[in-house]
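S.K.: Taking the numbering used here, the leading residue of the sequence shown gets 928, the next gets one more, and so forth.
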Amino acid sequence: MRMVLMLTLFSMSATITTSDAATVFSGSRIIAVDQGQRTITFKTREGETWTLPVTDPELLNRKPIAKDEQVTIEIDLNDQIINVAKASETRPVPRTETEDR
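1. Would you report the Cα separation of threonine 971 and phenylalanine 952, rounded to the nearest angstrom?
2. Going by DSSP in three states, leucine 1004 sits in which element: helix, strand or coil?
3. What's the call for serine 1015, buried or exposed, on a 16-neighbour Cβ count within 10 Å?
4. Using DSSP's beta-bridge definition, name the partner residues of asparagine 1010.
5. Measuring only the C-alpha atoms, how far is glutamine 962 from asparagine 988?
6. With C-beta atoms as the reference, is threonine 982 less than 8 angstroms away from isoleucine 1008?
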């Protein structure tokens, strides 16, 4: 009985943390920023063009972004931009052994 109680308490205290981002578009280019509409238009690495709203209007003020700037854009489950990181702000992904061969 004590073991069942301990396992139950342990499973209740264990939490899984995930990113708020549902989709991440790395290697995208900014096409336009509309401060009035609070939207960003960008082109993905695959060539798709998206115009999406920004969840936090302060995001546009905190991180000024310019046309043609290369960025990584994070989108939430409601297709709203939750973060924009300039290419210079992102860390490179470590190479794996299979890529080195």
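No residue lacks a Cβ here, since even glycine has one placed at the ideal position from N, Cα and C.
M.R.: Walking through what the data contain:
1. The count along the sequence shown starts at 1 and reaches residue 971 at position 44. The count along the sequence shown starts at 1 and reaches residue 952 at position 25. Approximately 6 angstroms, taken between the alpha carbons.
2. Along the sequence shown, one-based indexing puts residue 1004 at 77. Correct three-state label for leucine 1004: coil.
3. To locate residue 1015, count along the sequence shown from 1; it is residue 88. Under this definition serine 1015 is an exposed residue.
4. On the sequence shown, residue 1010 is found 83 positions in, with the first residue counted as 1. Answer is Glu1001.
5. Reading the sequence shown from its first residue, position 35 is the one you call residue 962. Reading the sequence shown from its first residue, position 61 is the one you call residue 988. About 9 angstroms.
6. Within the sequence shown, numbered from 1, the residue matching residue 982 stands at position 55. Within the sequence shown, numbered from 1, the residue matching residue 1008 stands at position 81. In this structure, threonine 982 places its C-beta atom within 8 angstroms of the C-beta atom of isoleucine 1008.
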